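This report refers to the structure that appears directly beneath it.
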Amino acid sequence: MENILGLVALACGLIVGLGAIGASIGIALMGGKFLESSARQPELMNELQTKMFILAGLIDAAFLIGVAIALLFAFANPFQLAA
0 MENILGLVAL ACGLIVGLGA IGASIGIALM GGKFLESSAR QPELMNELQT
50 KMFILAGLID AAFLIGVAIA LLFAFANPFQ LAA
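In numbering that gives the first Met the number 0, the protein residues as written are 0 to 82.
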């Protein structure tokens with residue numbers, strides 16, 4: 000039983016950690032491309048900024064879904080046998 004709980008805790012840490020790394024890399028790449036494109040065409044900056052914020056929200060939403068799955072595994076463990 001302790002082995003299963005330990006592995007679930009490890010999996011939760013990996014889900015949250017890798018999700019945070021992926022989301023931060025994605026937002027960093029997107030922000031860099033936004034700065035490049037707004038420097039090339041400053042007249043499109045408002046439209047690009049709107050699209051950038053929508054995409055940043057979607058990237059964060061994917062990370063938060065991963066956090067919700069990790070919380071599901073941590074508190075309502077579906078792998079634990081019924082006692």
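Backbone N, C-alpha and C define an ideal beta-carbon position, used for all residues, glycine too.
For clarity, every value in this text was computed on a predicted model and none was experimentally measured.
Whether or not the region 22-36 and the region 52-66 are in contact is what I'm after, with contact meaning three or more pairs of Cβ atoms, one per stretch, closer than 8 Å; do they touch?
Yes: the two stretches touch, three or more of their Cβ pairs being nearer than 8 Å.
Segment limits, alpha helix (DSSP H) that includes Asn-76:
Here Asn-76 belongs to no alpha helix (DSSP H), and DSSP marks it neither H nor E.
Using the Cβ count rule (16 or more neighbours within 10 Å means buried), how would you classify Ala-38?
By the neighbour-count criterion, in which a residue is buried when 16 or more other Cβ atoms sit within 10 angstroms of its Cβ, Ala-38 is exposed.
Apply the 10 Å Cβ neighbour rule to Gly-65 and answer buried if 16 or more other Cβ atoms are within range, or exposed otherwise.
By the neighbour-count criterion, in which 16 or more other beta carbons inside 10 Å mark a residue as buried, Gly-65 falls on the buried side.
Please work out which residues of its chain come closer than 7 Å, Cβ to Cβ, to Leu-57, disregarding the five sequence neighbours upstream and downstream, and give them in chain order.
The answer is none, since no qualifying residue turns up.
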